[in-house]
Amino acid sequence: MNIKELYQEIILEHGKNPRNLRKTDNFNKDAKGYNPLCGDSVHVYLKLDEKKKVEDASFEGSGCAISMASASIMTDLVKGKDTKEVKEIINDFLGMIKENPELKSKILKDEEKTKLMCLSGVKQYPMRVKCATLSWHTLISAIDNSHEEINTEKLY
Amino acid sequence: MNFSNIKKEFPIFNNKNLIYLDSANSSQKPQSVIDRINDFYSNEFSNVGRSVHALSIAATNNYENTRVSVQKYINAKDKDEIVFTKGATEAINLVANTFGQKYLKEGDEILLTELEHHSNYVPWHYLRNLKGVKIEFAEVNNDGEVIVESIEKKISSKTKMISVTHLSNVTGAILPIKEITELAHSKGIPVLIDGCQAAPHLKLDMQDLDCDFYTISCHKMYGPTGLGILYAKKKWLEELPPYQGGGGMIKEVKKDSVSYGDLPNKYEAGTMATAQIVAFDQSIKFLEKIGMDNVIQHEKELMDYGQEILRKNNSVKLVGNPKEKGAVLSFTIEGVHPHDIATILDEDGVAIRAGHHCCQILHEKLGMAASARASLGIYNTKEDLNQLNSSINKCKKIFNLK
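Chains as they are written, first to last, in this note's numbering: chain A, 1 to 156; chain B, 157 to 558.
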């Protein structure tokens, strides 16, 4: 695999200018994630309305291009979806990163799938899978209100 | 000295496009060390010190030979001052645990530096909870060094141990450990030197240095994993309690009492990493064959060259600028996270490390979450550093940097 398949333009662009890199005002769900191997950290914030629909999603943190791009794309993508749909998308994404050749969820529009598939290059780099999935696991923790700090070393 | 042939002694370089620049993490092994492990298990294996049969006697002799080789390598006064451990980490834990147990009480202080590897901090941290001990950190300066004055500033009447690195695994700074030891001793404070990064690269002389404890990691020294060395002055090994209890470390065991063995057995409980210890003799022989003066000269030339080409490279910033520097080139590229650097370099077969290198306190102080680190070994060449530089350029290109 060519390294440029991992570092596609869209990843580099999101990595350089992450969307939603801020703290949501009046957030009502949040969780922290940490990768002890590299010291990277992420804090995900959600504002859900009364119908459990994501009004706003944001994150704070620092990390590599892969982790920043992943959190950026993720927070963009979950806005306007309810938590059940978000969970389905998370599972679909994690399944794709782990083993599935493509995304299956019908909730995702084609253009959304294309964007997420840009992250599929990490499959070839086992050490970097954690970079791509840290924010997603942290999002689960935020939705579930588990108040558990996600530690990438305990996930696999 | 012809250094171009040294790579050939390391089988890992034979069939691979590998530019190995991660020796501060762990070094590669020469054929002689690998062969010795194989030979020992194939033809000579026995446990040591337990049986009277010929195999055991020969194995014990080999085991003790390595102890004498280590003694000579670091110029210790007595072979009984050399204790084998499972690593440098265990060696520091051994000292922190036994010294803490016997001598420390609430309010006592341990003085470390901001450069320390986690293995020279966390073992002392345990004593905070166990004993109410305080930990002080001597400050690192802007060049990534710790000078004697910053140690002196943090010494108080409560300082009971000074534990510092010989050579920083991040900035490469070589600390003035002889001056630090003299200063500490003038105030009656013992000194532990974490020599993990120094032992494969510098000449060591325990009698001249006069420190109380010195720790070595064998796998960083072209030797096997699972093995470390604790050097300790004999009086400490006699005074301190044993670390772990078990077979081999006892003199007499009764239902109501246990007495401990003589040095160094007192600190070597259970079956040790016998094959690794026997093979480590070959690592020392390998370094001695090259000669430490040659090692130092070769690595200094590489270091100077590496610093020169990286300084000329726009957007590359070296971490630290110590006057006395060992074989470590840590750097950052503005706009590229170290993990991305490492992944892209790896594509070209250039193996570096990215992260905090077990030095989170230092990285926080330097205001960075992580750095990239190219660290050198005796097998590296200027061509390796040229490849490092061109792979860095490739990385910059991918990230659209100039």
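In this text, a Cβ means the ideal position worked out from N, Cα and C, and glycines have one as well.
Residue i to residue j, Cα distance in whole Å?
i: HIS209 (chain B); j: ASN218 (chain B); result: 15 Å
i: MET524 (chain B); j: ALA65 (chain A); result: 16 Å
i: ALA388 (chain B); j: LEU139 (chain A); result: 51 Å
i: LYS81 (chain A); j: VAL54 (chain A); result: 6 Å
i: GLU60 (chain A); j: GLU335 (chain B); result: 45 Å
i: ASN285 (chain B); j: ILE291 (chain B); result: 11 Å
i: HIS14 (chain A); j: GLU88 (chain A); result: 23 Å
i: MET96 (chain A); j: MET317 (chain B); result: 53 Å
i: GLU50 (chain A); j: ASN28 (chain A); result: 11 Å
i: ASN477 (chain B); j: ALA329 (chain B); result: 8 Å
i: PHE442 (chain B); j: TYR229 (chain B); result: 12 Å
i: GLU102 (chain A); j: PHE555 (chain B); result: 27 Å
i: ALA31 (chain A); j: THR75 (chain A); result: 13 Å
i: TYR423 (chain B); j: ASP236 (chain B); result: 11 Å
i: SER160 (chain B); j: PRO346 (chain B); result: 42 Å
i: ASP368 (chain B); j: ASP234 (chain B); result: 13 Å
i: GLU270 (chain B); j: ASP412 (chain B); result: 46 Å
i: ASP299 (chain B); j: VAL409 (chain B); result: 54 Å
i: ASN221 (chain B); j: LEU283 (chain B); result: 35 Å
i: GLU272 (chain B); j: LYS113 (chain A); result: 46 Å
i: GLU85 (chain A); j: LEU46 (chain A); result: 14 Å
i: CYS38 (chain A); j: ALA252 (chain B); result: 27 Å
i: ASN171 (chain B); j: ILE548 (chain B); result: 24 Å
i: PHE321 (chain B); j: ASP361 (chain B); result: Checking the sequence shown, residue 321 (chain B) turns out to be Thr, not Phe. Taking the straight line joining both Cα atoms gives about 16 Å.
i: ARG19 (chain A); j: ALA244 (chain B); result: 44 Å
Helix, strand or coil for residue i per DSSP?
i: VAL204 (chain B); result: coil
i: ALA142 (chain A); result: helix
i: ALA65 (chain A); result: helix
i: LEU522 (chain B); result: coil
i: THR269 (chain B); result: strand
i: LYS106 (chain A); result: coil
i: PHE555 (chain B); result: coil
i: GLY426 (chain B); result: coil
i: THR537 (chain B); result: coil
i: GLU305 (chain B); result: helix
i: ASP178 (chain B); result: strand
i: PHE166 (chain B); result: coil
i: LEU250 (chain B); result: helix
i: ILE548 (chain B); result: helix
i: LYS481 (chain B); result: strand
i: MET74 (chain A); result: helix
Taking the continuous alpha helix (DSSP H) assigned at residue i, which residues delimit it?
i: THR83 (chain A); result: 83-98
i: THR430 (chain B); result: 430-446
i: MET117 (chain A); result: 110-117
i: SER198 (chain B); result: SER198 (chain B) -> no alpha helix (DSSP H), and no H or E assigned at all.
i: GLY509 (chain B); result: The sequence as given places Arg at residue 509 (chain B); Gly does not occur at that position. Segment 509-511 is the beta strand (DSSP E) holding ARG509 (chain B); no alpha helix (DSSP H) there.
i: THR216 (chain B); result: 210-229
i: ARG284 (chain B); result: 278-287
i: LEU12 (chain A); result: 9-16
When the Cα of residue i is compared with those of the options, which residue comes out closest?
i: GLU295 (chain B); options: B:LEU518, B:THR254 and B:LYS411; result: B:LEU518
i: SER41 (chain A); options: A:ILE143, A:ASP144, A:ASN145 and A:LYS130; result: A:LYS130
i: ASP364 (chain B); options: B:ILE333, B:GLU200, B:GLY384 and B:ILE345; result: B:ILE333
i: LEU393 (chain B); options: B:PHE255, B:SER342, B:HIS495 and B:ASP504; result: B:PHE255
i: TYR197 (chain B); options: B:GLN184, B:ARG206 and B:SER212; result: B:SER212
i: GLU503 (chain B); options: B:ASN158, B:ILE168, B:ASN173 and B:PHE166; result: B:ASN173
i: LEU267 (chain B); options: B:VAL239, B:VAL304 and B:ASP236; result: B:VAL304
i: GLN543 (chain B); options: B:VAL492, B:PRO494 and B:GLY462; result: B:GLY462
i: LEU485 (chain B); options: B:LEU466, B:ASN470 and B:LYS479; result: B:LEU466
i: PHE93 (chain A); options: A:PRO36, A:GLY63 and A:LEU134; result: A:LEU134
i: LYS165 (chain A); options: A:THR83, A:PRO126, A:LYS79 and A:ASN35; result: There is simply no residue 165 (chain A) to check, as chain A begins at 1 and stops at 156 in what is shown.
i: VAL302 (chain B); options: B:ASN545, B:HIS454, B:PHE166 and B:LYS521; result: B:LYS521
i: ASN151 (chain A); options: A:GLY33, A:GLU5, A:LEU12 and A:ALA57; result: A:GLY33
i: SER188 (chain B); options: B:GLN353, B:ASN231, B:GLY505 and B:PHE166; result: B:PHE166
i: LYS4 (chain A); options: A:LYS109, A:MET68, A:SER141 and A:CYS118; result: A:CYS118
Check the DSSP bridge columns for residue i and list the partner residues they point to.
i: ILE406 (chain B); result: B:TYR416
i: SER373 (chain B); result: B:GLY384
i: TYR34 (chain A); result: A:SER41 and A:ASN151
i: THR241 (chain B); result: B:GLY384
i: LEU323 (chain B); result: B:ILE330
i: TYR399 (chain B); result: Answer by DSSP bridge pairing: none, since TYR399 (chain B) is not bridged.
i: ALA294 (chain B); result: B:THR269
i: VAL492 (chain B); result: B:ILE489
i: VAL506 (chain B); result: B:ILE175
i: PHE59 (chain A); result: A:LEU21 and A:VAL44
Since residue i is in the beta strand (DSSP E), which residue starts that stretch and which ends it?
i: SER531 (chain B); result: 527-531
i: ASP350 (chain B); result: 347-350
i: ILE489 (chain B); result: 484-489
i: VAL472 (chain B); result: 472-474
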